[in-house]
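Written out below as structure tokens is the structure these notes cover.
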Amino acid sequence: MIEIKDLVKTFDGFKALDGTNISVPKGSVYGLVGPNGAGKSTVIRHILGIYKEDSGSVTIDGTPVWENRSIKARCAAIPDDWYYFANATIREMMHFYKGIYPSFSVERYEKLKEAFPIEEKKVIRHLSKGMQKQVAFWLALSTMPECLILDEPVDGLDPVMRRQVWSLMMSDVSERGTTVLVSSHNLRELEDVCDHVGIMDKGKVLLERNLTELQDNMVKLQVVFGTDVTELPADIPVLHSSRLGRVFTLIMRMNSDRAMEVLKPYSPMLVDAIPLTLEEIFIYELGGEHYEVKDIVI
Amino acid sequence: MKSKTSLFNVTIFKRNIKSVWPFWGLLSFVAVIPSLFLIMEWIRHGIDTTEFNPFEVKYMFYNAAIYLAPLVAFATAWIAAFFVWMYLYTAKSVGAFHSIPVTRAGLFVTNYLSGIVIMLIPYVIGGALFILTLIIIGVGFHMSVFVLIGAVIIDSIFFFSFATVIAMMTGNMFALPLLYLAFNFLALGIENLFNFVISNLLYGLSFSLSAKTDFLSPLVCLMRNMRTVREYSYNRIGELPETMTRDLIGVSLENGHIMLIYGAVGVIFAIIAFLMYRGKKSESAGDVVSFKPLKPIIHWIYTITGTVILGMLLYYIFSEAEIRGMNVIQGSLCFIAALAISYYTGLMLLEKTVRVFNKKTFVGFAVGAVLSVICCFCMKYDVLGIEKRIPDASKVQEIQLYMGNSYTIDGSNKELVQKTMDFHKNIIENKDLLNARFFDSNDDEEYVYDYVTIEYVLKNAEVLRREYRIVVPRNNKTEFDKAYVDFVSDKDLIKTLLHEDDEYYLSGGYFTLYSYNSELSAKYGLNTDSWDLSDWQTKTIYDAVKKDLEAGNWKPGRNNYSNESNNVIGYIAVFFEKRIERSEDTYYYNTDDLDVNLTPDMTYTLEAIRDLLGLSEEQMEEFVDILIKANEPVDEYQYYYDK
Chain F
-17 MIEIKDLVKT FDGFKALDGT NISVPKGSVY GLVGPNGAGK STVIRHILGI
33 YKEDSGSVTI DGTPVWENRS IKARCAAIPD DWYYFANATI REMMHFYKGI
83 YPSFSVERYE KLKEAFPIEE KKVIRHLSKG MQKQVAFWLA LSTMPECLIL
133 DEPVDGLDPV MRRQVWSLMM SDVSERGTTV LVSSHNLREL EDVCDHVGIM
183 DKGKVLLERN LTELQDNMVK LQVVFGTDVT ELPADIPVLH SSRLGRVFTL
233 IMRMNSDRAM EVLKPYSPML VDAIPLTLEE IFIYELGGEH YEVKDIVI
Chain G
52 MKSKTSLFNV TIFKRNIKSV WPFWGLLSFV AVIPSLFLIM EWIRHGIDTT
102 EFNPFEVKYM FYNAAIYLAP LVAFATAWIA AFFVWMYLYT AKSVGAFHSI
152 PVTRAGLFVT NYLSGIVIML IPYVIGGALF ILTLIIIGVG FHMSVFVLIG
202 AVIIDSIFFF SFATVIAMMT GNMFALPLLY LAFNFLALGI ENLFNFVISN
252 LLYGLSFSLS AKTDFLSPLV CLMRNMRTVR EYSYNRIGEL PETMTRDLIG
302 VSLENGHIML IYGAVGVIFA IIAFLMYRGK KSESAGDVVS FKPLKPIIHW
352 IYTITGTVIL GMLLYYIFSE AEIRGMNVIQ GSLCFIAALA ISYYTGLMLL
402 EKTVRVFNKK TFVGFAVGAV LSVICCFCMK YDVLGIEKRI PDASKVQEIQ
452 LYMGNSYTID GSNKELVQKT MDFHKNIIEN KDLLNARFFD SNDDEEYVYD
502 YVTIEYVLKN AEVLRREYRI VVPRNNKTEF DKAYVDFVSD KDLIKTLLHE
552 DDEYYLSGGY FTLYSYNSEL SAKYGLNTDS WDLSDWQTKT IYDAVKKDLE
602 AGNWKPGRNN YSNESNNVIG YIAVFFEKRI ERSEDTYYYN TDDLDVNLTP
652 DMTYTLEAIR DLLGLSEEQM EEFVDILIKA NEPVDEYQYY YDK
């Protein structure tokens, strides 16, 4: 279990993390989402032991990560800009990983050759960005990680390869109980794979839930009121509303049954509950934090 | 391969060594060249192994330990450090290395050892081959090689540790070599920079390279202070050294402890570097200075150095063409302008932004500006008393005086010491007069120029050196002018010049005639213009010069040095020697010389020369006339240039 408590990190007076709290259950796939500059990569660098916290704590299975060799040996990371040695071939990098990670499995590495059809003797520098990313997955998965930390992991991969790597990761999660923390802006993709989600903004986690709970806790309704209701009643608690003719679209922070009850006194002629996508939850949650989409005409 | 300990990672070590093979490969190639050369010589011509006297081999190894080892270590340490610590300089690589399951202690030890090994590989390859070659060609194995091996290891540890501290201090790959170079020579650089400034702005101070702080510039300190001392046994045939044969009977290393001290400092540096690495923030990758507390220190070092260099340059440009001391207003303006440039560019480099102009930074600049003005005032009014300083006579061990000739005045000669000090005081008191004459007089015919150097060697080994440009009119006008002439002609001083009452003895000499030409050669059958003097010839010339001196035909000091007489027809040098016993069997020589510009007035000396050249009195008269005519006007530089 990855546990971050009250994490604070300041860079030259700028507070990048301001009391961040994250809890990633063991064996879960946790999606960390947030706008640019929210502090997601900073959180990831703390989990990987790259940054030392100014205050707060970062633990994996209750043990602090900083300068902890055994914890780091159980984690693999694929950062957005994966590092490899200049002029190193895939095989040479494999030997390096093998020497560094005690749990590195050559057998698995050989098996994964099928999934990643790239010539091993090729110099990584000469590969395309997408292929380099494949190499990163190939090597990271070969370390048999108990914890996989991913920052924009499928960026640059083609759709087939995206499915391929997600499938490999999911099988690791289901077979070996690997914990995955993934930061991405591709919310549609995260929605398919994540079971937990944390939304970050300005160095803080705004909300952190099980994805199902999150989706249950917010509802989108299309409502048509009677002719006597021309405006949306002020006492209906909505996160966001819009109107097209007589059809109101309401976003409410509650489940659909409760929303129906709230609307009942106004005797709506039609109420239709539509589940929200993760992207919509993200947009409406941050809208409340003044990060809404602005209608700007240039 | 998995590492068994957490402090050393074989995989990273191997990768480090492998990745920089072109570097150590090239150095190894250079290192094997001497051996290859020796082997080829041996194969082609054979080698006379008697030339490889065991002491000569020892001398070679010791010299390599003193000069080669620190020089190579200095040059290669930063490159090795650059390779092994390079990952600290980009966010991407530092993230990769700090996320792998190796602790910082493990990374440090592994990379540190990698760097040392990278530096030593060429020595191991080249050195082993060289030792083997010496054995093969019959020179044999000499234990003194272990001194060289020790020096190589110690110097490598020191310079690599030093480079590692710098590597930890910075987060920028371009800053590493610059800071390494700067910090190696910073102390000496600043010392000499200030020497340069005060020598330009304070009266009587002359610029000469000094090395009081050389212990802070390790390369200079090691190469300057460590010495190989050779001991000889002499077979005396005659009195002069040229007539002796000598055999090398011993070689020893002097000040070897300096190397050991630096070795110990190297270990301390390694520990400091490790502590710095533990505290180094990964996010500092790219920063010129990684540690916040160091930023103001480095900023001010940069600011002060830049201000002094640039300030002096501006002062040269905008002040007088030739600096004659400090003009407070001009100086302050120049130094404040230089401060502004240095201070703010320093901030820009450190903060990686040009937006450094704010109230907070202005306070620092204002403080610097006030200090600059204060320094200009201190220079102008000699607040520290540097210009006026004359040591206490009781503390003087010796005075080295130079006025056309060099004079060594022993501290025990209290009367002459006092006279010299009075003369020194007189110069200081007449600073304005002498400066005005020097800078404003254009009439070379009327004035005589001389340089006077007074160097006090004090009993505590301190040296106080002053240098003055003395300008006096041909017809003495002021009290100072008379005092100057009196001092130059002082009998005690002349005794010192002629070494009449000391242990120096004549050891040789030569004389040369200016404007010697084929006309003279044909007429008088002379086949050279320069004659080396034998023992008796030296004595003859010396006695003749002495007579001319007593008769007032020759005056040392300005008359000798300057072109007061335009009819200088030649030059005489008489050498003196004094034997200094080092131990019962060994000794060395101190030397001095008497320099004389020969003029037609020096009748006794000319007569002695006539005897030496075998000319008659009539011939000599004609001979001198020809020389005078050929010499007019005297232009020694042109003479040598034409020649």
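So the protein lines, in turn, are chains F and G.
For the first sequence, this note's numbering begins at -17 and goes up steadily by one.
For the second sequence, this note's numbering begins at 52 and goes up steadily by one.
Even glycine gets a Cβ: it sits at the ideal position worked out from N, Cα and C.
Since we're looking at a predicted model, the values are computed, not measured.
Using a Cβ distance threshold of 8 Å, residue -16 of chain F and residue 6 of chain F count as a contacting pair. The beta-carbon separation of residue 253 of chain G and residue 425 of chain G, rounded to 16 Å, does not stay under the 8 Å limit for a contact. Nearest in C-alpha terms to residue 648 of chain G, of all of G/665, G/631, G/639, G/625, is G/625.
The way I'd put it, the stretch 149 to 162 of chain G doesn't touch the stretch 244 to 258 of chain G; fewer than three beta-carbon pairs between them come closer than 8 Å. By the rule that beta-carbons nearer than 8 Å mark a contact, residue 73 of chain G does not touch chain F. Beta-bridge annotation (DSSP): residue 644 of chain G is paired with G/626. Exposure of residue 421 of chain G is indicated by the presence of fewer than 16 other C-beta atoms within 10 angstroms of its C-beta. For the beta strand (DSSP E) assignment, the uninterrupted runs of no fewer than 3 residues enclosed by the stretch 245 to 269 of chain F are, from N- to C-terminal side, 252 to 256.
Cβ contact annotation for residue 554 of chain G (same chain, cutoff 6 Å, sequence separation greater than five): 629, in chain order. Among the CB atoms of chain G, none fall inside 8 Å of the CB of residue 91 of chain F. With fewer than three CB-CB distances shorter than 8 Å, the stretch 333 to 351 of chain G does not count as touching the stretch 302 to 313 of chain G.
Between residue 400 of chain G and residue 447 of chain G, the C-beta gap is not smaller than 8 Å, which leaves the two residues out of contact. When the Cα atoms are used, residue 181 of chain F and residue 235 of chain G turn out to be separated by approximately 51 Å. In terms of Cβ geometry, residue -11 of chain F and residue 38 of chain F form a close pair [threshold 8 Å].
Cβ contact annotation for residue 313 of chain G (same chain, cutoff 6 Å, sequence separation greater than five): 209, 269, in chain order.
In the DSSP annotation of this structure, residue 54 of chain F is not part of any beta strand (DSSP E); the continuous alpha helix (DSSP H) holding it starts and ends at 51 to 55. Residue 406 of chain G is outside the set of residues whose beta carbon lies under 8 Å from a beta carbon in chain F. Judged by their CB atoms, residue 260 of chain F and residue 218 of chain F are not nearer to each other than the 8 Å cut-off.
In terms of Cβ geometry, residue 197 of chain F and residue 231 of chain F do not form a close pair [threshold 8 Å].
Distances from the CA of residue 657 of chain G to each of G/593, G/638, G/341, G/216 were compared; the closest alpha carbon is that of G/593. The beta carbon of residue 176 of chain G sits closer than 8 Å to the beta carbons of 79, 82, 83 from its chain, once the five residues preceding and following it are set aside; these are given in chain order.
Separation of residue 201 of chain G and residue 171 of chain G (C-alpha to C-alpha, rounded to the nearest whole angstrom) is 12 Å. By the rule that beta-carbons nearer than 8 Å mark a contact, residue 31 of chain F touches chain G. Here the C-alpha atom of residue 247 of chain F lies approximately 12 Å from the C-alpha atom of residue 211 of chain F. The C-alpha of residue 579 of chain G lies about 8 Å from the C-alpha of residue 572 of chain G. When C-alpha distances from residue -4 of chain F are compared across G/64, G/334, G/457, the shortest belongs to G/334.
Neighbourhood of residue 61 of chain G in chain F, by CB distance below 9 Å: 81, in chain order. In this model, residue 511 of chain G and residue 215 of chain G are separated by some 38 Å (Cα to Cα). Within the stretch 112 to 181 of chain G, the runs of alpha helix (DSSP H) that reach at least 4 residues and sit entirely inside it are, in chain order, 120 to 136, 142 to 150. Within the stretch 407 to 439 of chain G, no residue places its CB atom closer than 8 Å to a CB of chain F.
Here the stretch 547 to 565 of chain G lies against the stretch 440 to 460 of chain G, with 3 or more beta-carbon pairs under 8 Å apart.
Taking the Cβ atoms as the reference, residue 161 of chain F lies roughly 11 Å from residue 58 of chain F, outside the contact range of under 8 Å. Where residue 190 of chain F is concerned, there is no enclosing alpha helix (DSSP H), although the beta strand (DSSP E) around it starts and stops at 186 to 192. For residue 131 of chain G, not one C-beta of chain F is nearer than 8 Å to its own C-beta.
Annotation note: the stretch 423 to 486 of chain G contains the following uninterrupted alpha helix (DSSP H) runs of length 4 or greater, listed N- to C-terminal: 465 to 480. At a Cβ-Cβ threshold of 8 Å, residue 91 of chain F and residue 76 of chain F count as neighbours.
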